[in-house]
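Participant: Pasting a structure here, questions to come.
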């Protein structure tokens with residue numbers, strides 16, 4: 021009997037990359053359908069990242 025923890029996991033990377041491609045397609049479609057909303061979301065996320073990094077030294 022084989023041990024599932026020692027067997028290589030085949031296809032896991034391919035599945036993750038396929039999922040990332042689907043997510044990127046959805047994000048592109050969202051940006052095309054709602055450009056002002058996408059810009060506002062990008063601005064909010066950008067400010068959140070800047071505020072997070074500002075406190076690190």
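In my numbering, the protein residues as written are 21 to 77.
Backbone N, C-alpha and C define an ideal beta-carbon position, used for all residues, glycine too.
First and last residue of the alpha helix (DSSP H) that includes residue 54?
Facilitator: Premise fails: residue 54 is in no alpha helix (DSSP H) and is neither H nor E.
Participant: If you draw a straight line from the alpha carbon of residue 56 to that of residue 38, how long is it in whole angstroms?
Facilitator: Spanning the two alpha carbons is a distance of roughly 28 angstroms.
Participant: Can you tell me whether residue 45 is helix, strand or coil according to DSSP?
Facilitator: Note: residue 45 maps to helix in three-state DSSP.
Participant: How about residue 60 and residue 51: do their beta carbons lie closer than 7 angstroms?
Facilitator: Not in contact: residue 60 and residue 51 (Cβ atoms no closer than 7 angstroms).
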